[in-house]
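In the numbering used here, the protein residues as written are 1 to 286.
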């Protein structure tokens, strides 16, 4: 068949190609593969975004804080978040919830308890006769021992009996702040120690934190009575309910018991409560 050199051959071929495309049905297999590739791509992007949010990328991005009221665990993990950043036992976590002042006050109480145990362990293993640094009544050279005596004990039984009330009542006072618990402890220790130094038998040695414990108890009870705030009255009532009988018995003269330290410790607690009540009243007047 002859071909006319002037005929529009290219246009005719293009026309046939268009017809072929119009008549050709869509390939379902190819379409399915394209859809799966798209889904895989979306999942990869979402996975990368989650990894970036949780700080799991190569660059170790910062982790977002847990929402308020979110899960909290100790020594474990919450999802991909490391528990050591959010564990409630951490100092940072405690400071976030209680505030730095209360946290430091509680840490001071913990430090004092730790010092008591460390000194007793050192004394028991023979690291010097530490008990000899207790209060020696009317010995002028031994006046500095007034501050050392609360951290010394005559055995672990004596220490255990003082640790629990000291820690619990010290923590209750610590909620008023670092300055409060530090000053209350100092006032109570000084009044208890000086009173014991003045009136106790000169041939005796007095040591232990029980004088401070009696001071803490008297302070908490007197604070509630002076302020008449419901929460402080409740704390004072709780102290009386839990330790009231033991406190009263400890004020009675007994052998091998430093009732003088107990008595003057309680007086020191009332003095501390009165001092802080006056400061509170002066601040309210201003």
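By construction, the Cβ of each residue, glycine as well, lies at the ideal position given by its N, Cα and C atoms.
Query	Result
Can you give the Cα-Cα distance for residue 191 and residue 207, rounded to whole angstroms?	14 Å
What residue does the alpha helix (DSSP H) around residue 161 start on, and which one ends it?	156 to 174
Going by the beta-carbon positions, is the gap between residue 205 and residue 268 smaller than 7 Å?	no
Can you list, in chain order, the residues of its chain with a C-beta nearer than 7 Å to that of residue 106? Leave out the 5 residues immediately preceding and following it.	171, 174
Is residue 206 helix, strand or coil by DSSP?	strand
How would you call residue 146, buried or exposed, if buried means at least 16 neighbouring beta carbons within 10 angstroms?	buried
Using the Cα positions of residue 199 and residue 185, report the straight-line distance between them to the nearest angstrom.	21 Å
Measuring CA to CA, which of 233, 166, 104 is closest to residue 150?	166
In this structure, does DSSP put residue 135 in helix, strand or coil?	strand
Check whether the Cβ atoms of residue 196 and residue 261 lie closer than 7 Å to each other.	yes
I need the straight-line Cα distance from residue 274 to residue 203, nearest angstrom please.	34 Å
Taking 7 Å as the threshold (C-beta atoms), are residue 152 and residue 129 in contact?	no
Quick check on residue 249: does DSSP put it in helix, strand or coil?	helix
Identify, in the order they occur along the chain, each residue of the same chain with its Cβ nearer than 7 Å to the Cβ of residue 235, setting aside the five sequence neighbours on each side.	172, 220, 224
Can you give me the start and stop residues for the alpha helix (DSSP H) that residue 255 sits inside?	Where residue 255 is concerned, there is no enclosing alpha helix (DSSP H), given that its DSSP letter is neither H nor E.
Take the Cβ of residue 123 as the centre, count every other Cβ of all protein chains shown within 10 Å, and call the residue buried at 16 or more, exposed below.	buried
Going by CA-CA distance only, name the one from 254, 258, 178 that's closest to residue 211.	258
What would DSSP say about residue 125, mapped onto helix, strand or coil?	coil
Tell me the DSSP secondary structure of residue 150 in three-state form.	helix
From which residue to which residue does the alpha helix (DSSP H) around residue 184 run?	178 to 199
Residue 93 lies in the alpha helix (DSSP H); which residues open and close that run?	91 to 98
Quick check: the Cα distance between residue 289 and residue 242, rounded to an integer number of angstroms?	Outside the shown range of the chain (1 to 286) lies residue 289, about which nothing can therefore be said.
Determine the direct distance from the alpha carbon of residue 176 to that of residue 183, and round the result to whole angstroms.	11 Å
For residue 255, decide whether its Cβ has a neighbour in chain C, counting only Cβ atoms nearer than 7 Å.	Reference to chain C is not applicable here, since this structure consists of a single protein chain.
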